[in-house]
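Here is the structure we will look at.
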Amino acid sequence: MINILRWIVFAIAAIAMNFPIIVTLVTSFKSPRELTSNPGLWVQAPTLDNYATVFTVSDRLNIFLYLVNSLAVAALGTLLAVALALPAAYAIARGKVGERTLLPLIVNLRAVPLVIFAIPLYMMFQWLSLLDTRLGLGLILTIVNLPLALVILVNAIRDLPGELDEAALMDGATRTQILLRVIAPLCRPAIVTGVIFGFITAWNEFLFGLMLTTSNAVPITVGASFFFAASGGGVQWGVASAVMIVGALPPMLLGLLMYRQISGSMTAGAVKG
Amino acid sequence: MTTKTHRSPASEFRLLTMPLVVFLLVFLGFPAIVNLVYSVSSVSFETLRSPEITGFSNFVAVWNDGAFWQASWFSFRFGLLTALLECGLGLFLAIFLAPLIERRSWLMAILMLPLMVAPALVGLMYRLVLHEFAGPVPYYLWTWFGASLSFLGPGSAFWTLVTVETLQWTPFAFLLFYMAYQAIPREIIEASAMDGARYRHRLWYIELPLMAPTIVVALLIRFIDGFRVFDNVYVLTGSGPGGSTASLSIYIYEAFFKQGAIGKAVAASVVLFIASFVVLYGLNTIAARRKGAAR
Numbered sequence: 003m004i005n006i007l008r009w010i011v012f013a014i015a016a017i018a019m020n021f022p023i024i025v026t027l028v029t030s031f032k033s034p035r036e037l038t039s040n041p042g043l044w045v046q047a048p049t050l051d052n053y054a055t056v057f058t059v060s061d062r063l064n065i066f067l068y069l070v071n072s073l074a075v076a077a078l079g080t081l082l083a084v085a086l087a088l089p090a091a092y093a094i095a096r097g098k099v100g101e102r103t104l105l106p107l108i109v110n111l112r113a114v115p116l117v118i119f120a121i122p123l124y125m126m127f128q129w130l131s132l133l134d135t136r137l138g139l140g141l142i143l144t145i146v147n148l149p150l151a152l153v154i155l156v157n158a159i160r161d162l163p164g165e166l167d168e169a170a171l172m173d174g175a176t177r178t179q180i181l182l183r184v185i186a187p188l189c190r191p192a193i194v195t196g197v198i199f200g201f202i203t204a205w206n207e208f209l210f211g212l213m214l215t216t217s218n219a220v221p222i223t224v225g226a227s228f229f230f231a232a233s234g235g236g237v238q239w240g241v242a243s244a245v246m247i248v249g250a251l252p253p254m255l256l257g258l259l260m261y262r263q264i265s266g267s268m269t270a271g272a273v274k275g
Numbered sequence: 142m143t144t145k146t147h148r149s150p151a152s153e154f155r156l157l158t159m160p161l162v163v164f165l166l167v168f169l170g171f172p173a174i175v176n177l178v179y180s181v182s183s184v185s186f187e188t189l190r191s192p193e194i195t196g197f198s199n200f201v202a203v204w205n206d207g208a209f210w211q212a213s214w215f216s217f218r219f220g221l222l223t224a225l226l227e228c229g230l231g232l233f234l235a236i237f238l239a240p241l242i243e244r245r246s247w248l249m250a251i252l253m254l255p256l257m258v259a260p261a262l263v264g265l266m267y268r269l270v271l272h273e274f275a276g277p278v279p280y281y282l283w284t285w286f287g288a289s290l291s292f293l294g295p296g297s298a299f300w301t302l303v304t305v306e307t308l309q310w311t312p313f314a315f316l317l318f319y320m321a322y323q324a325i326p327r328e329i330i331e332a333s334a335m336d337g338a339r340y341r342h343r344l345w346y347i348e349l350p351l352m353a354p355t356i357v358v359a360l361l362i363r364f365i366d367g368f369r370v371f372d373n374v375y376v377l378t379g380s381g382p383g384g385s386t387a388s389l390s391i392y393i394y395e396a397f398f399k400q401g402a403i404g405k406a407v408a409a410s411v412v413l414f415i416a417s418f419v420v421l422y423g424l425n426t427i428a429a430r431r432k433g434a435a436r
């Protein structure tokens with residue numbers, strides 16, 4: 003009996019929390035004519051026209067550009083964050099260097115409203131000609147990704163036995179060699195988790211994309227809203243829905259495939275942070 | 142045998158942190174200094190590179206700006222309410238659904254899905270969901286009850302935003318609580334069952350106290366994220382109606398990009414910077430003290 007109740011609660015929670023995604027997915031298959039007559043949650047005559055429209059490049063709208071931008075900045079923001087965090091994490095976990103300063107500073111960054119750095123970063127990027135470039139946005143996303151990457155990697159390295167390092171030191175290896183040849187390969191699961199999580203976070207970032215890009219480096223979270231006003235007049239909800247589904251799909255697929263790793267790292271960041 | 146002259150271990154470790162330290166100095170240290178200097182300067186877009194230090198007039202302007210206090214109040218209320226709602230719902234779901242999910246972990250993937258979607262896109266999606274003519278929610282409300290609400294109007298915009306945020310981030314609280322619930326040692330639960338403890342007693346006196354640290358952490362994280370909210374609110378209501386849904390993040394963004402009030406925007410940033418520093422410092426001190434006491 004109680005189990006039926008559990009299933010009912012699960013169904014209600016799953017539908018309520020995923021409701022915007024469900025509605026958008028359904029709407030993306032509706033023709034313009036159907037949209038005016040049927041706002042409900044079913045489709046009478048499903049069509050892929052909206053997706054065809056979204057993937058048609060016009061001089062004003064280019065979804066491929068936004069997707070490639072998102073891919074590039076998320077990749078840069080993730081890989082650079084891991085590359086900076088890994089040696090620091092090793093020094094923190096093994097050398098106790100920066101354990102009381104660097105680590106708390108970066109972990110607390112997770113809780114700081116990053117908008118407070120937005121204006122000076124905007125001016126700095128203007129001086130450096132980094133506004134509206136993928137490099138510029140990728141560098142900012144690195145900051146966004148650093149806290150969790152560092153926490154995940156510090157935890158992973160702390161879990162490795164210290165004898166590994168000592169044995170390698172005896173053989174005359176330097177710390178840098180140990181990091182690259184011993185620690186990094188053993189941390190691969192943590193690195194993969196950090197990369198996946200960082201990629202999703204970076205892909206979904208909006209504030210800095212909105213401020214620091216205007217046309218060349220616009221990511222999909224910002225570019226999606228361009229489709230809302232595409233035709234002048236009212237919003238074409240079918241097209242708008244299709245573009246939102248396309249923009250949400252990559253992180254959603256990653257999330258569905260890797261939910262175990264992601265749930266683990268989310269709790270790591272939360273409990274240790 | 143090699144007779145390599147080893148650098149002292151600490152200096153080699155320090156070298157390994159250098160890339161990160163340099164990166165932070167450039168991308169956070171420098172902006173922080175710019176913030177501080179510009180907040181006490183008179184500056185406009187024309188004199189962007191030559192600020193003239195004039196004292197605290199920017200802070201006075203922020204202090205006297207009703208919109209700043211309105212935004213602070215919005216952020217605080219929004220953060221507190223969403224944190225409480227998300228953690229309450231998340232705790233209930235984590236405990237009530239645990240028997241289902243223990244056996245079928247893929248159910249968790251479905252509940253986690255909202256966390257994977259950009260808050261900005263979720264906000265845009267709700268523009269469709271709540272749209273007068275194209276949205277299913279008003280449609281079904283009309284069909285079933287013969288009436289609908291103006292979800293983004295003056296009276297209800299705040300509550301709509303709270304609902305939107307809560308529905309997207311309850312899964313986060315759920316996830317933390319589910320993990321903490323699973324981490325409770327089986328023996329404790331079995332022992333209490335042997336002693337004949339009733340379910341609700343076990344929940345109240347054993348399980349919830351063991352989960353208390355996670356509950357505090359989840360409330361904090363969700364409060365902070367709610368307090369600094371930007372994406373979904375910005376795309377759903379901007380700051381309207383009448384500035385009533387401007388969070389502090391939106392206030393700073395609009396002061397700079399829409400009004401060109403650089404001094405005010407920077408001063409507000411510094412205020413927020415100091416406020417978060419004080420709060421985080423306090424929290425860290427408390428956490429360190431409790432850790433010390435536990436040892």
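Just so you know, the sequences run in chain order E and D.
In our numbering, each number is its position in the first sequence, counted from 1, plus 2.
In our numbering, each number is its position in the second sequence, counted from 1, plus 141.
The beta-carbon is built from N, C-alpha and C at its ideal position, and this holds for glycine as well.
Here the alpha carbons of Lys32 (chain E) and Asp51 (chain E) stand approximately 9 Å from one another. Scanning chain E for C-beta atoms nearer than 7 Å to the C-beta of Tyr267 (chain D) yields Pro22, reported in chain order.
At a cut-off of 8 Å between beta-carbon atoms, Ile194 (chain D) makes no contact with chain E. Here the segment 92-108 of chain E does not lie against the segment 377-395 of chain D, with fewer than 3 beta-carbon pairs under 8 Å apart.
Bridge pairing for Ser131 (chain E): absent [DSSP].
Nearest Cα to Ile365 (chain D) within the set D:Ala416, D:Val203, D:Ala321, D:Gly296: D:Ala416. Secondary-structure assignment with DSSP links Ser183 (chain D) through a beta bridge to D:Glu193.
For a Cβ distance threshold of 8 Å, residue set Phe168, Pro172 of chain D lies close to Leu123 (chain E), ordered along the chain. Per DSSP, the unbroken alpha helix (DSSP H) holding Met266 (chain D) starts and ends at 260-270. For Ile393 (chain D), the chain E residues whose Cβ falls inside 8 Å of its Cβ are Val117, Ile118, Ala120, Ile121, in order along the chain. Separation of the CB atoms of Leu209 (chain E) and Thr144 (chain E) is rounded to 15 Å, and the pair is thereby denied contact status at 8 Å. Interface annotation for the segment 214-229 of chain E against chain D: Thr223, Ala226, Ser227, criterion Cβ-Cβ distance under 7 Å. It is roughly 22 Å from the alpha-carbon of Leu27 (chain E) to the alpha-carbon of Thr311 (chain D). Annotated three-state conformation of Arg112 (chain E) is coil, per DSSP.
Exclusion of the five residues before and after Cys228 (chain D) leaves Ala314, Ile356, Ala359, Leu360, Arg363 as the residues of its chain whose Cβ lies within less than 7 Å of its Cβ.
Against chain E, the beta carbon of Gly276 (chain D) has neighbours under 7 Å at Pro41, listed in chain order. Fewer than three Cβ pairs drawn from the segment 262-272 of chain D and the segment 328-348 of chain D lie within less than 8 Å of each other, which leaves the two stretches out of contact. Among the CB atoms of chain D, one or more fall inside 8 Å of the CB of Tyr261 (chain E). Close CB contacts of Val407 (chain D) within its chain, under the 6 Å cut and outside five residues either way in sequence, are with Asn176, Tyr179, Ser180 (chain order). Close partners of Asn147 (chain E) in chain D (Cβ separation under 7 Å) are lacking, with about 12 Å as the shortest Cβ gap.
In the structure shown, Thr386 (chain D) falls within a coil segment according to DSSP collapsed to helix, strand and coil. For Val114 (chain E), the neighbours in chain D by C-beta distance under 7 Å run, in chain order, Ser417.
Closer than 8 Å to the CB of Tyr322 (chain D) there is not a single CB belonging to chain E.
Only residues of its own chain outside the window of five on either side were considered, and among them Phe364, Gly367, Phe368 have a CB closer than 6 Å to the CB of Gly220 (chain D), listed in chain order. Counting other Cβ atoms within 10 Å of its Cβ, Ala54 (chain E) stays below 16 and is therefore classed as exposed.
Interface flag for Pro106 (chain E) against chain D is set, since a Cβ pair is found closer than 8 Å.
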